[in-house]
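Below is one structure, written out as structure tokens; comments come after it.
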Amino acid sequence: METCKLTKFLGASLEGILPFPVSVEINIKRGIPRFQITGLPSPSIKESSDRIRIAIENSGFEYSLQNILVHLAPAGRKKEGTYLDLPIAAGILYLTEQLPPSEKLEQFLFLGELGLDGSVKPLKGILPILSELKNLGFTVAVVPFGNRQEASLLGKFPVYSISHLKDLVSLAKGEIKPEPKGEIRIRSEVLAWKSEFHKSQLPAIRAIQIASAGSHHCLLSGPPGAGKTMLAKLAHGFLPRINEKEGIELLGIRSLQGILSDTEVERPFRSPHHTSSDISLVGGSSSLRMGEVSLAGNGILFLDELSEFHSRNLQALREPMEEGKITISRISGSITYPASFLFIGATNPCPCGYYQTLIKECTCTVASIRNYQSPFTGPFLDRIEIFYHLGFSGSTDGEKVSINLKSIRDSIQSAADMQYRRLFRETGKLYNGRLRGEEVERMIPLSKECEVYFWKAVHKQKFSIRKVAHFRKLARTIADLEGSEDILLRNMEEALVFLNSGWSPENRAVT
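All the letters of the sequence shown, read from the start, carry residue numbers 0 to 510 under numbering that gives the first Met the number 0.
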């Protein structure tokens with residue numbers, strides 16, 4: 000008589016936002032009845048032994064009073080969460096021959112938490128797991144019924160949803176149909192067809208048009224009431240339509256925070272207060288939670304009253320602004336979160352707000368202005384690609400001008416489509432502003448005429464290596480807005496106007 004049985008089912012676990020496969024090896028043999036789990040399980044997984052036993056009994060199955068050993072491989076990697084309840088229970092039922100014989104079950108990816116009544120409860124983080132686990136040998140995913148909408152979005156493999164442990168019998172018999180491919184519903188910002196603006200705001204509107212089209216970080220400076228916050232919110236409405244890749248990323252971040260109730264997405268607009276801590280901005284704490292830079296992914300991170308932020312907080316933004324991701328390291332571990340946001344900052348030039356404006360005379364001392372601008376260090380400013388200073392206000396620049404916002408948004412969408420066709424296949428990037436390193440020169444060639452102008456301007460302005468790349472990327476986005484396949488000399492000239500090669504000399508108190 001056979002005294003030992005062994006099987007292996009496939010599960011997964013999350014390490015921060017990064018999933019990894021877990022091989023659930025189950026061995027049942029005669030001996031003293033016990034249920035042991037090895038392979039660095041977290042406390043929530045260790046507790047699952049009693050939870051799984053009761054769930055099996057309350058589902059109408061028989062629980063085997065034998066020696067059950069569950070090993071979670073790889074053994075040296077800690078497993079968190081309750082994703083492995085379902086593969087463990089399915090493996091036990093399969094070994095005790097309470098499920099119909101089916102070799103295919105061992106090729107399924109099982110994810111789910113069990114209730115004491117045998118119900119399969121929905122979990123957060125299902126979408127990131129399924130979207131990142133590739134080429135692991137599984138052909139089908141089995142998820143809780145409550146996660147069926149997000150799990151079916153990918154369409155890369157069949158997805159089955161079950162609501163109770165008893166449904167495993169129907170699954171093994173092939174009586175459950177896979178979920179149809181889901182669709183991402185996109186909620187777009189509604190803009191007025193036309194709106195009126197003061198003449199002094201028109202160059203700033205052009206600045207945010209370029210920033211929105213190519214995902215270029217932007218800094219607006221000006222007196223109180225000049226419209227800096229309004230322009231940042233306008234940029235949110237200008238952003239291109241969400242494509243499927245961005246929609247999956249946005250839903251994945253929401254899935255990590257809680258169970259998705261729907262698949263409707265919109266680009267985020269996060270505006271943390273200047274009293275926010277560096278942990279709330281970039282993430283951290285003992286739980287290694289994500290911060291505003293990650294929650295603003297594929298959207299806008301708007302910092303109003305930028306001068307009021309602590310310098311340490313602004314320096315913490317340097318890595319995510321440059322790399323599009325943030326690595327958080329604590330004693331409890333290290334996690335890398337996505338942070339592909341568009342940064343827009345707004346600040347007054349001095350404490351009273353009227354330094355070098357044509358509205359009223361500034362009453363601040365040179366020392367107070369220098370201290371007010373002190374959070375803007377060189378390394379932080381070197382990551383800003385577009386700068387514009389509004390020196391006027393509505394009371395000083397005369398009549399208003401009517402602007403067709405729809406045409407601006409259409410030009411941004413056309414530019415985004417051009418960038419997708421040019422960049423995505425070779426680099427996986429969607430926008431010029433996201434290009435890094437050798438990608439910049441390879442994907443953004445210049446004509447001889449533009450090359451001469453480019454290097455002449457670089458040497459004259461004494462640009463850093465990073466700023467040289469910004470110059471080229473900015474010119475490419477302006478050409479895309481015009482629908483031009485080649486960068487023209489006028490595109491280079493306009494890029495040089497908006498390019499911020501450090502804090503603008505017109506705004507420094509040392510002048």
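For every residue, glycine included, the Cβ atom is placed at its ideal position computed from N, Cα and C.
Give me the DSSP bridge partner(s) of T262. Position 263 of the sequence shown, counting from 1, holds the residue named residue 262. Per the DSSP secondary-structure output, T262 pairs with nothing in a beta bridge.
Under 8 Å: do the segment 13-32 and the segment 62-69 share three or more Cβ pairs, one atom per stretch? Three or more Cβ pairs closer than 8 Å define a contact, and the segment 13-32 meets that threshold against the segment 62-69.
A515 - containing alpha helix (DSSP H), residue span: Residue 515 cannot be examined here, being either before or after the span of the chain that is shown, 0 to 510.
Exposed or buried, H216, counting other C-beta atoms within 10 Å across all chains shown (16 or more means buried)? As a position in the sequence shown, residue 216 is number 217, starting the count at 1. Here H216 is buried: its Cβ has 16 or more other Cβ atoms, across all protein chains shown, within 10 Å.
Alpha helix (DSSP H) containing C449: first to last residue? Within the sequence shown, numbered from 1, the residue matching residue 449 stands at position 450. K447 to Q460 is the extent of the alpha helix (DSSP H) around C449.
Have a look at M442 and N297 and give me their C-alpha separation to the nearest angstrom. One-based indexing of the sequence shown puts residue 442 at position 443. One-based indexing of the sequence shown puts residue 297 at position 298. Taking the CA atoms as reference points, M442 sits about 22 Å from N297.
May I ask you to verify whether the segment 156-173 touches the segment 259-274, counting CB pairs closer than 8 Å and requiring at least 3? The segment 156-173 is not in contact with the segment 259-274.
V509 to V365, Cα distance in whole Å? Here residue 509 is taken as the residue at index 510 of the sequence shown, counted from 1. Here residue 365 is taken as the residue at index 366 of the sequence shown, counted from 1. Only weak support is given to the placement of V509: the predicted model assigns it a pLDDT of 31, under 50, and the value that follows is read from those uncertain coordinates. Rounded to whole angstroms, the separation of the alpha carbons of V365 and V509 is 7 Å.
Report back the beta-carbon spacing between L110 and I87 to the nearest angstrom; my notes put them in contact at under 8 Å. One-based indexing of the sequence shown puts residue 110 at position 111. One-based indexing of the sequence shown puts residue 87 at position 88. Cβ-Cβ separation between L110 and I87: approximately 12 Å, too far for a contact (criterion under 8 Å).
Alpha carbon to alpha carbon, how far is R184 from P239? Taking the sequence shown and counting its residues from 1, the one referred to as residue 184 is at position 185. Taking the sequence shown and counting its residues from 1, the one referred to as residue 239 is at position 240. Going from the Cα of R184 to the Cα of P239 covers about 15 Å.
Closer than 6 Å by C-beta to F497: which residues in its own chain qualify, once you throw out the five before and the five after it? Chain order, please. For this step, residue 497 is matched to residue 498 along the sequence shown. If we look at F497 and ignore the five residues flanking it on each side, its Cβ neighbours are A206 and I385.
Are the beta-carbon atoms of L152 and I247 separated by less than 8 Å? Taking the sequence shown and counting its residues from 1, one reaches residue 152 at position 153. Taking the sequence shown and counting its residues from 1, one reaches residue 247 at position 248. Their beta carbons are under 8 Å apart, which means L152 touches I247 by this criterion.
Within its chain, find whatever has a CB closer than 8 Å to the CB of S367; leave out the 5 residues flanking it on each side and keep chain order. As a working mapping, residue 367 is identified with position 368 in the sequence shown. Its chain contains C349 and P350 as the residues whose beta carbon lies nearer than 8 Å to that of S367, once the 5 sequence neighbours on both sides are disregarded; these appear in chain order.
Specify, as a first and last residue, the run of the alpha helix (DSSP H) that S63 falls within. To locate residue 63, count along the sequence shown from 1; it is residue 64. For S63, there is no enclosing alpha helix (DSSP H), as DSSP marks it with neither H nor E.
Of the residues P223, R465, I16 and S333, which one's Cα is nearest the Cα of L357? Taking the sequence shown and counting its residues from 1, one reaches residue 357 at position 358. When each option's Cα is compared against that of L357, the closest is P223.
Residue range of the beta strand (DSSP E) that N242 falls in? By 1-based counting over the sequence shown, the position of residue 242 is 243. Where N242 is concerned, there is no enclosing beta strand (DSSP E), because DSSP gives it neither an H nor an E.
Pick helix, strand or coil for T37, following the three-state DSSP scheme. Here residue 37 refers to the residue found at position 38 when the sequence shown is read from its first residue. The three-state reading of DSSP puts T37 in strand, counting E and B together.
Sequence-distant residues of its chain with Cβ nearer than 7 Å to R76 (five each side left out): Start at 1 with the first residue of the sequence shown, and residue 76 comes out as number 77. Counting only residues of its own chain and dropping the five nearest sequence neighbours on each side, R76 has a CB closer than 7 Å to the CB of F19 and L39.
Which residue marks the beginning of the beta strand (DSSP E) containing L108, and which one marks its end? The residue given as residue 108 occupies position 109 in the sequence shown. Here the beta strand (DSSP E) through L108 covers F107 to F109.
Run the CB neighbour count on F156, radius 10 Å, all protein chains shown included, and call it buried at 16 or more, exposed below. Within the sequence shown, numbered from 1, the residue matching residue 156 stands at position 157. The residue in question, F156, is exposed, as its Cβ has fewer than 16 Cβ neighbours within 10 Å.
Residues bridged to R269 [DSSP beta-bridge criterion]: Locating residue 269 in the sequence shown gives position 270, where the first residue counts as 1. Beta-bridge analysis with DSSP links R269 to L300.
First and last residue of the alpha helix (DSSP H) that includes H469? In the sequence shown, counting from the first residue as 1, residue 469 sits at position 470. Start and end: I464 to L480.
What whole-angstrom Cβ distance do S58 and L164 have, given they're in contact under 8 Å? Taking the sequence shown and counting its residues from 1, the one referred to as residue 58 is at position 59. Taking the sequence shown and counting its residues from 1, the one referred to as residue 164 is at position 165. The C-beta distance from S58 to L164 rounds to 4 Å, short enough to fall under 8 Å.
Candidates K472, Y371, G436 and L249, of which the one nearest P267 by Cα: Here residue 267 corresponds to residue number 268 of the sequence shown, with the count starting at 1. Checking every option, the nearest Cα to that of P267 belongs to L249.
What separation, rounded to the nearest whole angstrom, lies between the Cα atoms of T326 and A474? Locating residue 326 in the sequence shown gives position 327, counting from the first residue. Locating residue 474 in the sequence shown gives position 475, counting from the first residue. Just so you know, the alpha carbons of T326 and A474 end up roughly 31 Å apart.
Since A345 sits in a beta bridge, which residues does DSSP pair it with? Taking the first residue of the sequence shown as position 1, residue 345 is located at position 346. In the DSSP output, where bridge partners are listed per residue, A345 has L219.
Please confirm whether P143 and L255 have their CB atoms less than 8 Å apart. On the sequence shown, residue 143 is found 144 positions in, with the first residue counted as 1. On the sequence shown, residue 255 is found 256 positions in, with the first residue counted as 1. No, these two residues do not count as a Cβ contact at 8 Å.
The beta strand (DSSP E) with K28 in it runs from where to where? In the sequence shown, the residue the question calls residue 28 occupies position 29. L17 to K28 is the extent of the beta strand (DSSP E) around K28.
Rounded C-beta distance between A414 and A212? I'm assuming under 8 Å. As a first step, residue 414 is located in the sequence shown; it is residue number 415 there, counting from the start. As a first step, residue 212 is located in the sequence shown; it is residue number 213 there, counting from the start. Taking a contact as a CB-CB distance under 8 Å, the pair A414 and A212 counts as one, their CB atoms being some 4 Å apart.
Sort E360, V451, K244 and N403 by Cα distance to F423 and report the nearest one. Start at 1 with the first residue of the sequence shown, and residue 423 comes out as number 424. Nearest option by C-alpha distance: K244.
Let me know the secondary structure DSSP gives Y336 once reduced to three states. Position 337 of the sequence shown holds residue 336. The three-state reading of DSSP puts Y336 in strand, counting E and B together.
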